[in-house]
Structure formats: structure tokens, C-alpha cells
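Asks: Quick one: the structure is below, questions incoming.
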Amino acid sequence: MAETATLDLKPATLAKIESLFPKYPDKRSLTLPLCHLVQEDLGYLSDEAIEWIAAKLELEPIQVLQVVSFYPMYRREPIGKVHVKVCRTLSCALVGAYKTCEKLEQALDCKRGHTSADGNYTIEFVECIAKCGMGPLVQVDDKLYENCKPEELDGLIDAIKTAASEGPESADHPKPQPGTPAYEG
Amino acid sequence: MAVEQRRVIYKHVDEEGYTPDIDCYMKHGGYEVLKKAIGAKPEDLCKEVLDSGVTGRGGAGFPTGMKWRFLDRKSGKPIYLICNADESEPGTFKDRQIIYQDPHQLIEGMMISAFAIQAKQAWIYIRGEFINGARILENAIEEARAKNFLGDNVLGSGFSCDIVVHRGAGAYICGEETGLIESLEGKRGYPRIKPPYFPAALGAYMCPTIVNNVETMAQVKHVIGMGGSEFAKFGVKGDPGTHIFGVSGHVQKPGYYEFEAGKITVGEMLYDVCGGPLPGRTFKALIPGGSSTKILRFGERFTGKHPNTGEDFDWGVEDIPLDAVSLKCCGTFLGTGGLIVMDDSTDMMEAIANLMAFYGHESCGQCTPCREGSLWLNKMTLRMTGGAARNQDVDLMKNIADQIEGRTICAHGEAVAWPVQSHYNKFKDEWLDKIAHQGNGNGRYNPKGYPLI
Ligand SMILES: Cc1cc2nc3c(=O)[nH]c(=O)nc-3n(C[C@H](O)[C@H](O)[C@H](O)COP(=O)(O)O)c2cc1C
Ligand code: SF4
Ligand code: FES
């Protein structure tokens, strides 16, 4: 096996990773959890990250790459500071999700599937996020905004812009309160 | 209002002052059923579940007690329990409220189930997008462990079982139980071929495994709480208990509601509960149980003999009682109880194009008919809605769908085929009418509704 890559992970991430091993009958089961943890820490899954995870789980890097390339939530590239995901599936589309996405694209000067030139925003269409009665739904990082009607987006756009102007969130974020987008996300 | 909700699973959902912590849950009588169950014989609990007739709430509606009976107990291998919290079928948003607002109800249901089937370990496979939901469950598990409701030697019974929360990463197919198991094992979510890989015999880590939906696990708590025969008295024959219905799309008051099976009709649900259509609109179509179930068209009629009552029925869409048996009589399914409502502003060709974009994106790619078929249908409907539809495309779509159904490893194949077949059967006229309006390359035509693709 190739020499193990080193990764600059936070101590909290490393501790969390170690705590997972006793929970499964087989190390390979940690592939998805480790990909999540490393991506949350470093922003995306680089070649080095994939090699590091593989070594940690005594797998071949291709086995981790297979997983990373299959699941839509994993990224091989860095993205903008704020990740905006618009649900485009039927229930949300019926109440205007496509128009909502267009409006967001204009307001943030960013095409869906891309990152804005200033590096602040990445907009993506995603499939159903399971709150279909409250659509259109927009998930901004780990916050879920409901009823994002194309005609009433000012509040959401402000929230997205504020998120981009703030520094990176601290690792130990405060407990989200019920009824807030952070709780529902 | 004619029919009152009967909130069992959702008793405390959206209740003022109700919080997801264990103290609140126990103040409302939580974990009493587990305490009772842990003193009973596991086989007696399985019998109660069988007698109750409770069916799975993940979409297929298979009787839970029967599924548990299929467990291979002779192999000597450990038994595993997995709660399917993937909630990925479009139009479905019922498990979310249990997870976010009443997580201990799920954990209590899971521990009762784990004890009943004598599981050695349990997992909750939760969709990756429920980021805070996973935190809430992990927190609830630690609270329950501190009170010895899970973990080692549960309540001094000698039975040990832990629950681990496992996050998915955005793939719909991981809701399919064998795809889920592959994903849990750290692989791509490729569904397994059945036979031989029935989870009850060869599931997680090739050990006997039960996979049940979140709502099913919560129902089990109430089955044991009231007893199987008592539970069976609610709802209808073949579909006992309550259902959570999630209504989305074109109604005044979309939302989630819990009713006894068969006690409310589609019309009562849409008009009395959900406030009717939007101003100036009329209902056109209903997908009754999540996006893969067959669509119904307002105005069509269903006739036949009802298997439960033996009586003849002659129903419009509004008259159909919301239970699994009655919907089957009308050629569709109750599925996950996710009702997607479309009014007269909806362009039906754009609607099917929206669904094909979903199923094309989510096919795992293992079987040729599903992989190629769903992508063709996706590409075709994109072209057709984009303004370049041809009359012959309409029959071609049906033809492709017919060749997928029944020829794939998992039911994703049907999930692609059924919408196309049923939309074709019921809305072919609208597709052709739209094609006529498009003319030859006159461009996109959808004068009334929101774009759906
Ligand atoms: C394509 C596909 C997607 C599915 N998605 C889900 C899902 O998100 N949640 C779920 O509980 N069941 C889902 N199912 C059904 C599961 O395979 C399985 O039948 C269910 O989890 C069993 O639980 P139950 O008996 O309690 O319903 C899906 C099935 C298919 C074919
Ligand atoms: S039917 Fe589709 S989703 Fe299911 S295994 Fe085959 S290719 Fe994959
Ligand atoms: S369709 Fe958008 S949340 Fe389900």
C-alpha cells in the first residue's frame, strides 16, 4: 500500500473517528461516517483524504472512491462559503421551486451547479428533502428554510448573504432551537 | 369537520411545550411499554405484533409480524435490527416529525422490537440531509442509555442491545432495504438480488436482519402497549391502526395529519382537512402514496366489489377511503401516505418530466432496463417539454416503461415504470394536446402553471 497521506484534521474530528470503531462489526462500515467527518472538517474529499480514509480502514483507496463517487453529498472539489441547495422534486416544483432557484441565481449572481465568482456561494438543485408540504424548500448549509415562494425571497436572500459575510462557524455550534431553520436542517 | 384526527403516533407532535428530551417523554408516560415488554417473553411479543396485523409503513405495506417470522433463527448468527429512516420517497414527510419532535418514541419502539426479535445490535439508517435529526437521535440514545433503557443489561433483564445512528449521503436508493444494508456496510448502495439475499436470512454482514420503517417501529410500541387484538380493532381489515398522511402540492393547507385507516375519504382529506384547492383552481390529479404510486385523475370512476365489505362500490377519486385495501381496489397504492395534489394549472407532461429527472438521477445503475430506461425517459421528457415533442414519443414512453417493469433487481424499476404507465393511461390526451400546441419546434409551451422541469 502507498505511504499513508497525512491530513490536517481537528483533534475533535480525530477523537470522533476513534470513537466509531467499536460500534460496527466491520471496519468497512465506517466508510460513510469517515467521509462525512473528513468532509465536514476539510470542506471536501481530496485524493489525500480518500487515501487517508482507506488506510485508516485498511481498504484500497478505490473502495473509498467508489463510495465517494456514488453518493451525491460527497464532494471532490471545494465549494463556496455558503452551500445553497434547492429542492426541485415534484411537490416543491408544483409550488414554484424552479422559479425560486432562478431568483436565487440572480440575487447571488451564481448559476446552479456552480460557485459564484467571489467564492461565496454554491447553488445546487437537490432531490426531495422530505418536508414536501412546506415547500419550496431551500437548505442553506445545515439550515432548512420552508415556504421559499418565488415571490417572497427577500428574507432568505438576506440570511444567505449574512451567512457568507460571517466567519466559518465554530466546531462546537450552539444547540439549535426548535422552530428555527437550524433545528429543522 | 366530519372526521376527527386520531393522533397516536403524532400525539405530541407540534404540541405546545412538548420537547424531545427524555424527561418530557417520561412525564407523558414514555418507556412504560418497554418496561412492561422487557418482562414478557420475546415470542409472546412477536405474537402480539403478528395478531395486530400491523403493516410496514415504508411503502410496501408488508405485515410486520409476518416479516419477523421469516427471521432465520437456526443459523446461530447474531440477529440485527435496522430502522429505515431514509425517508426518501418524494412526497413523503412523515418520519421527520417523529425523529425531530419525539425521538424517544422511536427508540422505545426499536428497543421493544429489538427485544422481541432478540437483536444483538440495532442501527438507525438516517438520510444524510437530516443533519440535526441525527444529532437529536444520538442525544436521545445517550439519554436512554443513562436510564438503562438501552445498552448493556437493559433494565436488569440480561438483554443487551445498542443503537447506532448511521448517516446516509443523499442517495434515494439507500431507502431500498438491501441497498441500505450495502450502504451500512460501507459500499455503494447497490440493492441485492432476492433470492437469496432476503434480509431476514442474509442481511447486514450476511446475518439475519429486520429492516423496518420509522413509523412502523413507533406503531410497534402502540401494538405492545394496547395489545395486538385491541390494535387490530382500529382501521380496516388488512390495514389496521392509523396512518400518517402528508399532503403536498396544490391545496390551501398542506401538512401532515394522522387518521384511522379507512375513516376518511380523499375528498374529506382534500376539502375539509386541507381547505380545498387554491383560489380559482380545481383539482386535476392525485398521486396517493409517494411519487412512485400510480396517479389518479379527478373525474374518473372506479367500480367493483370491495373485498372487505363484499359490497359494490362506484367511486370518484373524492370518494375513495384512505386505506391500503381501498386504494388497491382503484389500481394504485397507499404507499407511504404521501399525497401529491395537482390542480388544473399543472402541465402533466412537465409533471412526468420532473419525476423522470428524479428516477433517472437515482437509478443505481446495476440493471440495464432501469439504468438505460430511466435515463432515456429522462432525456426524452426533457426534449419533449423543451418544445421538440413528437406524437410518436407518447407511445414510445409507454413502451420503454413496459420493458422496465418486472425486469430489475429492485422495485426502483417499478418506481420508474408505474408513473409513466399511469400518466400515459390517464393523461395521454393532455400530452398530445400539448404537442399540438408546440407545433413543429415552436418552443416550450406551459401557459398556466409553474415550470416543473
Ligand atoms: C426505491 C425504493 C426506495 C425506498 N425508500 C424507502 C425509504 O426511504 N424509507 C423506508 O422506510 N422504506 C423505503 N423503501 C422500502 C424498503 O425497501 C423496505 O420495504 C422498508 O424499509 C421496510 O420497512 P417496513 O416493513 O416497516 O415498511 C424503499 C423501497 C424502494 C424499492
Ligand atoms: S432496479 Fe434500478 S435501482 Fe434497483 S438495482 Fe436495478 S438499476 Fe439499481
Ligand atoms: S419534494 Fe421538495 S421536499 Fe419533497
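Protein sequence lines correspond, in order, to chains A and B.
Number 104 in the working numbering belongs to position 88 of the first sequence; there are no gaps in the numbering.
Number 918 in the working numbering belongs to position 18 of the second sequence; there are no gaps in the numbering.
Backbone N, C-alpha and C define an ideal beta-carbon position, used for all residues, glycine too.
Suppose you measure from the CA of SER853 (chain B) to the CA of ILE1017 (chain B); what does that come to, to the nearest Å?
Replies: The displayed coordinates of chain B run from 901 to 1353. Any statement about residue 853 (chain B) would go beyond what the structure contains.
Asks: Listed in chain order, which residues of the region 1056-1090 of chain B have Cβ atoms closer than 8 Å to some Cβ of chain A?
Replies: Listed in sequence order: ASP1062, VAL1064, HIS1066, ARG1067, GLY1068, ALA1069, GLY1070, ALA1071, TYR1072, SER1083, LEU1084, GLU1085, GLY1086, LYS1087, ARG1088, GLY1089.
Asks: If you run the structure through DSSP and keep just helix, strand and coil, what is ILE1024 (chain B)?
Replies: ILE1024 (chain B) falls in the strand class under three-state DSSP.
Asks: Sorted by chain position, which residues of the same chain lie with C-beta nearer than 8 Å to GLY1028 (chain B)'s C-beta, five sequence neighbours on each side aside?
Replies: Closer than 8 Å at Cβ, skipping near neighbours: ARG1067, GLY1068, ALA1069, GLY1070.
Asks: Identify every residue that forms a DSSP beta bridge with GLU1160 (chain B).
Replies: Partner(s): B:THR1142.
Asks: Give every residue of the same chain whose Cβ lies closer than 7 Å to the Cβ of GLU162 (chain A), excluding the five residues on either side of it in the sequence, and list them in chain order.
Replies: Cβ within range, chain order: LYS147, MET150, LEU153.
Asks: Which value, in whole angstroms, describes the spacing of the CA atoms of THR22 (chain A) and SER62 (chain A)?
Replies: If I take the Cα positions, the gap works out to 12 Å.
Asks: Would the beta-carbon of VAL1173 (chain B) fall within 7 Å of that of TYR1157 (chain B)?
Replies: Yes, the Cβ-Cβ distance between VAL1173 (chain B) and TYR1157 (chain B) is below 7 Å.
Asks: Under 6 Å Cβ to Cβ from GLY1167 (chain B), same chain only, skipping five residues before and after it: list those, please.
Replies: Excluding sequence neighbours, GLY1167 (chain B) sits near GLU1218.
Asks: List the endpoints of the continuous alpha helix (DSSP H) containing GLN1303 (chain B).
Replies: Counting along the chain, the alpha helix (DSSP H) containing GLN1303 (chain B) begins and ends at 1291-1304.
Asks: In the DSSP assignment, find the alpha helix (DSSP H) that holds LYS1121 (chain B) and state where it starts and stops.
Replies: Run containing LYS1121 (chain B): 1114-1126, per the alpha helix (DSSP H) assignment.
Asks: How about ARG1181 (chain B) and ASP1247 (chain B): do their beta carbons lie closer than 7 Å?
Replies: Contact flag unset, no.
Asks: Are HIS1143 (chain B) and ALA1161 (chain B) closer than 7 Å when you measure CB to CB?
Replies: Yes, these two residues count as a Cβ contact at 7 Å.
Asks: Alpha carbon to alpha carbon, how far is ILE145 (chain A) from GLU76 (chain A)?
Replies: Taking the straight line from one Cα to the other gives about 32 Å.
Asks: Which first and last residues belong to the beta strand (DSSP E) in which TYR161 (chain A) is found?
Replies: Here the beta strand (DSSP E) through TYR161 (chain A) covers 159-161.
Asks: On the DSSP bridge assignment, give the partners of THR138 (chain A) in chain order.
Replies: THR138 (chain A) pairs with A:HIS99, A:THR131.
Asks: Per DSSP, TRP1276 (chain B) forms a beta bridge with which residues?
Replies: Answer is none; TRP1276 (chain B) lacks a bridge partner.
Asks: What whole-angstrom Cβ distance do CYS1061 (chain B) and LYS977 (chain B) have, given they're in contact under 8 Å?
Replies: The Cβ separation is near 15 Å, so there is no contact.
Asks: Tell me which same chain residues have a C-beta within less than 8 Å of the C-beta of GLY1204 (chain B), skipping the five on either side of it?
Replies: ASP1212, PHE1213, CYS1229, listed in sequence order.
Asks: Would you kindly work out how many angstroms separate the C-alpha atoms of LEU1055 (chain B) and ILE1240 (chain B), rounded to a whole number?
Replies: Going by the C-alpha atoms only, they are around 44 Å apart.
Asks: Would you list, in chain order, the members of the region 1147-1181 of chain B that have their beta-carbon closer than 8 Å to a beta-carbon of chain A?
Replies: Flagged, chain order: VAL1147, SER1148, GLY1149, HIS1150, PRO1154, GLY1155, TYR1156.
Asks: Beta carbons nearer than 8 Å to chain B: which residues of the region 147-165 of chain A have them?
Replies: Within the region 147-165 of chain A, the qualifying residues are LYS147, CYS148, GLY149, MET150, GLY151, GLN155, ASP158.
Asks: Under 8 Å by Cβ, that's how I've got ALA937 (chain B) and ILE1007 (chain B) pegged, so tell me the actual separation to the nearest angstrom.
Replies: Incorrect: roughly 13 Å between the Cβ atoms, too far for contact.
Asks: Just checking my contact of TYR137 (chain A) with VAL98 (chain A) at CB under 8 Å: how many whole Å lie between their CB atoms?
Replies: TYR137 (chain A) to VAL98 (chain A), Cβ: 5 Å. Contact.
Asks: Report yes or no: do the region 984-998 of chain B and the region 1266-1282 of chain B share at least 3 C-beta pairs separated by less than 8 Å?
Replies: Because the criterion of three Cβ pairs below 8 Å is not met, the region 984-998 of chain B and the region 1266-1282 of chain B do not touch.
Asks: So, using beta-carbon positions, are LYS1328 (chain B) and MET1249 (chain B) closer together than 7 Å?
Replies: Cβ distance not < 7 Å, so LYS1328 (chain B) and MET1249 (chain B) don't count as in contact.
Asks: Once you ignore the five residues that flank TYR1097 (chain B) on each side, which residues in its own chain have a CB closer than 7 Å to its CB?
Replies: THR1078.
Asks: So which residues of chain B does TYR87 (chain A) contact, with C-beta pairs closer than 9 Å?
Replies: Per Cβ cutoff of 9 Å: GLY1028, GLY1068, ALA1069, GLY1070, ALA1071, CYS1074, SER1083, ARG1088, GLY1089.
Asks: Mapping the DSSP letters down to three states, classify SER1057 (chain B) as helix, strand or coil.
Replies: In the structure shown, SER1057 (chain B) sits in coil (DSSP, three-state: anything other than H, G, I, E or B).
Asks: Hey, is VAL80 (chain A) close to ligand 1, as in C-beta under 6 Å from one of its heavy atoms?
Replies: Flag unset: Cβ of VAL80 (chain A) not near ligand 1.
Asks: Do PRO1091 (chain B) and ligand 2 come close, with the Cβ less than 6 Å from some heavy atom?
Replies: Under cutoff, so the answer is yes.
Asks: Rounded to whole angstroms, what's the CA-CA distance from LEU1196 (chain B) to GLY129 (chain A)? Just pull it up for me.
Replies: Looking at the two C-alpha atoms, the distance is approximately 34 Å.
Asks: Measuring from the CB of CYS144 (chain A), is there a heavy atom of ligand 3 at a distance below 6 Å?
Replies: Result yes, Cβ under 6 Å from ligand 3.
Asks: Can you give me the C-alpha to C-alpha distance between GLY1189 (chain B) and PHE1131 (chain B), rounded to a whole angstrom?
Replies: One C-alpha to the other measures close to 23 Å.
Asks: Look up ALA1034 (chain B) in the DSSP assignment and say whether it is helix, strand or coil.
Replies: Three-state DSSP puts ALA1034 (chain B) in a helix.
Asks: Give a yes or no on whether the minimum CB-CB distance between GLU143 (chain A) and chain B is below 7 Å.
Replies: Interface residue, yes.
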